[in-house]
Amino acid sequence: LYELIKATADLTVRIGVNKVSPDRPEFWPNTQYNYPFYEILGSNILRTGSGLITVYKFVDGSGYDGHESNYHVLTGKKLERNYKTCPCDKCQQSEKPSKIWWEILVHTATHVVFDDTEASHTTCRLFYDDKDSPVVILDKVSVDYVNTERDKCRLKYVVCDKTLGDKLYNMVKLWCELLKKVWKKYINRSELMFIVSHPHGCFKQVSVGRLVDNNKVSDYNSIYNLTTLTYTASTCPGSSGAPVYCVGLGATHVHCGTLDLKVNYSGVGYYMKQTTL
C-alpha cells in the first residue's frame, strides 16, 4: 500500500491556470450553486489545482496503456491513431518524424481547467516533491475530454522525448501493477483512502482518511458504474482535481470540493461492478 501511495504521488502534478474562460457558467449544471470563478470571467489571475498523469505509448500509430494493452480499459476500443508518426510541432516540421511517441494525459477537474481557452494558459509541473525539486513543465496542453456535469477534464500533451516518455510510461506501468495488487488484497475489506495533491500550489502532500460513501450516479456500461465518493481526508485550495483512491473499491476519482468541515466529495468516476479480478 505504501508503494501504491508513492507511485500515485510520483504521477501527481501541480496545475497552474492563468486564465478564466469567459464561457464558464454561473451555476453548476442543474443546480443553483455558484460555479467557481464565474465572478472573475476573463481575468488573468493565477489559480492552482492538482492532477494525475496516465500515459499511452504509440508505435507506428498503435497505442499501449499502462497494462501494455492495445485496448482502452473502459470502452474496449482499440488504441489506434490514423497517423503513423508523432504529431508534435517538432516532428510536423521534420523530414524524419519519430514513429514512437507518448500521449501524456492529465486527469483533473473541469472547474480547474474548463475548456481550451483555459488549457492554452495552463502549465503542469511534474515531480514537484519538495522546494528543491527540479522544474519540469508541460506547457502546451490541449483539452482531450471535458464534462462539466461530472467535473472531469482530461488534458493531453504529446512528446517524442524518449527520456521523459519512457520514464513516465514506466512509472504508469508500475502504478497499474500496484493498483491490481492492492485491489486484490483489500477489495471490499477496507474504508481507507488517500489523496495526493498540491495544496495552495505548493509541493505535493499525502492526506489519508476513510471512505464515507460510494454513491451510484448511473450505469456507464455492463462493466462499470458511474459513482461519486465522499470521504474524510483533509484538503485545501489547490487540491481540486487531485487523485482520490479508496483501497477497498479499486476506483480512482478526482477531488471536487468540500461538503462541510469534515467531509469532502469527488467528481463522477468509474467503479467496476464486479468485485473480483
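Numbering (the working numbering), first residue to last: -8 to 268.
The beta-carbon is built from N, C-alpha and C at its ideal position, and this holds for glycine as well.
The model shown is predicted, which means the values in this text are computed figures rather than measured ones.
Closest Cα partner of residue i within the set the options
| i | options | result |
| --- | --- | --- |
| Ile128 | Asn25, Ser111, Cys144 and Arg5 | Arg5 |
| Glu30 | Pro20, Gly40 and Pro16 | Pro16 |
| Asn212 | Tyr261, Arg201 and Pro13 | Tyr261 |
| Met162 | Trp19, Thr45 and Val11 | Thr45 |
Beta-carbon proximity check, residue i vs residue j, cutoff 7 Å
| i | j | result |
| --- | --- | --- |
| Phe185 | Ile(-4) | yes |
| Val199 | Ala233 | no |
| Trp166 | Ala(-2) | yes |
| Thr221 | Val197 | no |
| Trp92 | Phe49 | yes |
| Cys247 | Ala110 | no |
Beta-bridge pairing of residue i - partner residues as DSSP gives them
| i | result |
| --- | --- |
| Pro234 | Val245 |
| Thr39 | Gly7 |
| Thr45 | Leu96 |
Residue i: first and last residue of the uninterrupted alpha helix (DSSP H) it sits in
| i | result |
| --- | --- |
| Ile(-4) | Tyr(-7) to Asp1 |
| Leu217 | Per DSSP, Leu217 belongs to no alpha helix (DSSP H); it is in the beta strand (DSSP E), Tyr215 to Tyr222. |
| Thr108 | Asp107 to Ala110 |
The beta strand (DSSP E) enclosing residue i, as first and last residue numbers
| i | result |
| --- | --- |
| Trp93 | Ile91 to Thr99 |
| Lys264 | Looking at the DSSP string, Lys264 is not in any beta strand (DSSP E), and its letter there is neither H nor E. |
| Phe271 | As displayed, the chain neither begins before -8 nor continues past 268, which places residue 271 out of reach and without an answer. |
Reduced DSSP category for residue i - H, G, I as helix; E, B as strand; rest coil
| i | result |
| --- | --- |
| Gly33 | coil |
| Tyr160 | helix |
| Tyr24 | coil |
| Thr154 | helix |
| Gly54 | strand |
| Asp204 | strand |
| Gln83 | helix |
| Leu250 | coil |
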